[in-house]
Amino acid sequence: GETAVIQARHAAYYAQFLDKQRARLRAPQQKTAADTIGHELDNVRLAWQWSVAHTTTTADAWQNLAAAADSFWLFLLNRGMVLEGRDLFGAAVAAVDDLLMAQENPPVAQQLLLAELLGWLGMFFFDLGQFIEQSLAFERALTLLRSLLAQDVDSETAVAIKRHMIIPLAYHSYRVSITGAETEGRQMLEDAIAFSREIGDNWRLSQALNVKAIRTNSVTEKRRLFQEYLTVAQEAGDLQNIARAQMNLSTTQDGQDDVQTLLLAALQIYRRLETPKGVAYVYVNLADGAFQSADYHTARQYYDQALQLFNEIGSNTGVLTTLYGMGNTYWALHDLEAAQQQLTRTLAYARERGDLENTIKLLNNMATFMVESGDMKGATEKYLEALALLSQLQTDHQRAEALDSLGNLALLLGKYDAAKRHFSKNKALFMQANDLRGVAWSVRNLGIIAYVLGDYEQARSYYEESLALHQQVNNVWGSIALLNDLGRTAFAMGDEETAVSHYRAALHLYHDNPVLPTSFPVVVDWARLLMKQGEKARALTYLTLVVQNPNFNPVAVDHFTRSKAERLLAELQADLPPQMLAEVEAAVQQRDYNEVIIELLEMDTAGLHES
Numbered sequence: 021g022e023t024a025v026i027q028a029r030h031a032a033y034y035a036q037f038l039d040k041q042r043a044r045l046r047a048p049q050q051k052t053a054a055d056t057i058g059h060e061l062d063n064v065r066l067a068w069q070w071s072v073a074h075t076t077t078t079a080d081a082w083q084n085l086a087a088a089a090d091s092f093w094l095f096l097l098n099r100g101m102v103l104e105g106r107d108l109f110g111a112a113v114a115a116v117d118d119l120l121m122a123q124e125n126p127p128v129a130q131q132l133l134l135a136e137l138l139g140w141l142g143m144f145f146f147d148l149g150q151f152i153e154q155s156l157a158f159e160r161a162l163t164l165l166r167s168l169l170a171q172d173v174d175s176e177t178a179v180a181i182k183r184h185m186i187i188p189l190a191y192h193s194y195r196v197s198i199t200g201a202e203t204e205g206r207q208m209l210e211d212a213i214a215f216s217r218e219i220g221d222n223w224r225l226s227q228a229l230n231v232k233a234i235r236t237n238s239v240t241e242k243r244r245l246f247q248e249y250l251t252v253a254q255e256a257g258d259l260q261n262i263a264r265a266q267m268n269l270s271t272t273q274d275g276q277d278d279v280q281t282l283l284l285a286a287l288q289i290y291r292r293l294e295t296p297k298g299v300a301y302v303y304v305n306l307a308d309g310a311f312q313s314a315d316y317h318t319a320r321q322y323y324d325q326a327l328q329l330f331n332e333i334g335s336n337t338g339v340l341t342t343l344y345g346m347g348n349t350y351w352a353l354h355d356l357e358a359a360q361q362q363l364t365r366t367l368a369y370a371r372e373r374g375d376l377e378n379t380i381k382l383l384n385n386m387a388t389f390m391v392e393s394g395d396m397k398g399a400t401e402k403y404l405e406a407l408a409l410l411s412q413l414q415t416d417h418q419r420a421e422a423l424d425s426l427g428n429l430a431l432l433l434g435k436y437d438a439a440k441r442h443f444s445k446n447k448a449l450f451m452q453a454n455d456l457r458g459v460a461w462s463v464r465n466l467g468i469i470a471y472v473l474g475d476y477e478q479a480r481s482y483y484e485e486s487l488a489l490h491q492q493v494n495n496v497w498g499s500i501a502l503l504n505d506l507g508r509t510a511f512a513m514g515d516e517e518t519a520v521s522h523y524r525a526a527l528h529l530y531h532d533n534p535v536l537p538t539s540f541p542v543v544v545d546w547a548r549l550l551m552k553q554g555e556k557a558r559a560l561t562y563l564t565l566v567v568q569n570p571n572f573n574p575v576a577v578d579h580f581t582r583s584k585a586e587r588l589l590a591e592l593q594a595d596l597p598p599q600m601l602a603e604v605e606a607a608v609q610q611r612d613y614n615e616v617i618i619e620l621l622e623m624d625t626a627g628l629h630e631s
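If you read the sequence shown in my numbering, its first letter stands for residue 21, the second for the next number, and so on.
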């Protein structure tokens, strides 16, 4: 009837309306384009829903979806309408599935549409932290696209296939890597970048570069990739991606002023574009920066603002990240009651959503907090609760990660046999998955157990193996930890010269990659060596500067390092005359922690004299 004709025309009109905004949504006009769509959103929704409902019965309906999908996805994502996007695109996938199932040889264009819809649906799942659903969507899209690419298709179709592969390749690469295929995952990411360059799609290139930067361990390389991402976005005038690149680039900057400048620039853009998710993540980054600067009250304020926005847009990942950050902030402030309330709230949030992986991590985190609070019984209960959930995890990699945190907790509780079992099991799982980073940490943890039990030869062997693996995967912070472990072991074996050479190597790495908490264990152990060599005033100075540093807190520094530092400090304070203690205290007020690093690096191999 006449109504049906009007509805069909309405759907076709708004599909073309969205298609016309496609390029503008990635260009300097993106705010105007998004506002234009926003003004017509009710009509756009109706048009999309009509096309979905008529996909199998009306010839042009699927073509409406093909015209509208790209712009509609990007609009919904940027405006924080992720839950609605998941439902709208999920319905579209089901409808196009039915369309293809009804045909023996469906046209390539319809198969491409299904793959595109699956890719955008996967991105909504990614944003919501629904990683299993994300993986299924991306895997379906890639299987279909690879099958099409293997056929004899014309060059234009080949370009379209590669274009639709780029986002699933880039964003699925990480899940593939952590679930057992590190090499395959990295190759997927390289393919995404290569396809983007080959077809000249700079927007997709920028997305793939961003993912690669996030996955890169080297700070220098990470900075270079984020800078390239920013340059590509700036050349296109793509404000959304300029803001995201600025935000991510800020994480690689050494100077707090540079960090603030980049984050505030990103915040200004996100506010202007009305992108709540972007604003929320800038708040998280500002909170993290304030936390690292030990400005915990400011950190808490930013986390509060981020949490409100994440709740509004339904981002489970964002909410969990923020709740976790808030709990750590209270913990660092030594507000133990508030910290426990926040940690309990975070754990409940993960449980309510059936997030087993994070539930186990948070149970272990809560147990660690209880150990710090002296509640060993409560910590043991949480450990056993986490252990009972282990068998419910779906992948070997998830089990390996859970065993790692369970092993560390068992170590903290003094359950050395259990810790050794956990670390041995997760080492085997990581080896099976060819996850060298995971293997490296497992081997290091086995070394820690050997060290604690006094088997220094075995500990050294484990540490050397772990260091080689960390160096192989270019994990700088892991290498710093292992060099310090080797130094501590050499000291325990009476070889002070070797100990100093390892400590120095660790601090050289830290000096080039300054993440403050990584240096604290090295300085504490070197101070212990200086105490033995009679340099007690110097050791007291170093330990005081470490312990008084606001970043020397339970969140950033492990229990064993803090306990050791406090014990050594107490020994020195009891041993040294009051006049010397007063002189050191006065001297500390004039010293900067980074001066300690330089001073230690300039010592000769004996550790006693400056060169």
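Just so it is clear, CB atoms sit at the ideal spot from N, CA and C, and this is done for glycine as well.
Residue i, enclosing alpha helix (DSSP H) - first and last residue
i	result
residue 435	Taken as a continuous stretch (DSSP letters only), residue 435 belongs to no alpha helix (DSSP H), as it is neither H nor E.
residue 588	579 to 595
residue 463	456 to 472
residue 222	222 to 235
residue 495	Looking at the DSSP string, residue 495 is not in any alpha helix (DSSP H), and its letter there is neither H nor E.
residue 361	356 to 372
residue 378	376 to 392
residue 155	151 to 169
residue 65	61 to 73
residue 277	276 to 293
Residues sharing a beta bridge with residue i, DSSP
i	result
residue 600	According to DSSP, which records beta bridges pairwise, residue 600 is partnered with nothing at all.
Simplified DSSP state of residue i, which is helix, strand or coil
i	result
residue 623	strand
residue 99	coil
residue 515	coil
residue 250	helix
residue 572	coil
residue 91	helix
residue 125	coil
residue 188	helix
residue 106	helix
residue 629	A caution first: residue 629 carries a pLDDT of 41, below 50, which makes its placement in the model too unreliable to give a value.
residue 331	helix
residue 47	coil
residue 313	coil
residue 24	helix
residue 541	helix
residue 336	helix
residue 522	helix
Length of the line joining the Cα atoms of residue i and residue j
i	j	result
residue 619	residue 536	16 Å
residue 58	residue 213	32 Å
residue 240	residue 493	15 Å
residue 426	residue 400	11 Å
residue 68	residue 109	9 Å
residue 451	residue 459	6 Å
residue 192	residue 328	29 Å
residue 26	residue 42	25 Å
residue 310	residue 316	6 Å
residue 596	residue 604	10 Å
residue 661	residue 501	The requested residue 661 does not occur in the structure, where the chain is confined to residues 21 to 631.
residue 337	residue 343	10 Å
residue 464	residue 117	49 Å
residue 631	residue 516	With a pLDDT of only 31 at residue 631, under 50, the local geometry of the prediction cannot be trusted, and no value is derived from it.
residue 289	residue 254	13 Å
residue 281	residue 266	9 Å
residue 339	residue 600	50 Å
residue 476	residue 358	41 Å
residue 175	residue 259	32 Å
Residue closest to residue i, alpha-carbon to alpha-carbon, out of the options
i	options	result
residue 362	27, 351, 465	351
residue 580	144, 555, 540	540
residue 609	154, 196, 568, 109	568
residue 93	339, 565, 136, 534	136
residue 120	111, 174, 75, 90	75
residue 466	484, 605, 28	484
residue 409	422, 397, 307	422
residue 36	71, 122, 431, 220	71
residue 163	175, 184, 21	184
residue 497	38, 95, 531	531
residue 3	461, 306, 432, 510	Shown here, the chain extends from 21 to 631; a query on residue 3 therefore has no answer.
residue 511	615, 416, 128, 545	545
Contact test: residue i Cβ vs the ligand FMN heavy atom, cutoff 8 Å
i	result
residue 39	The ligand FMN is absent from the structure shown, which contains no ligands of any kind.
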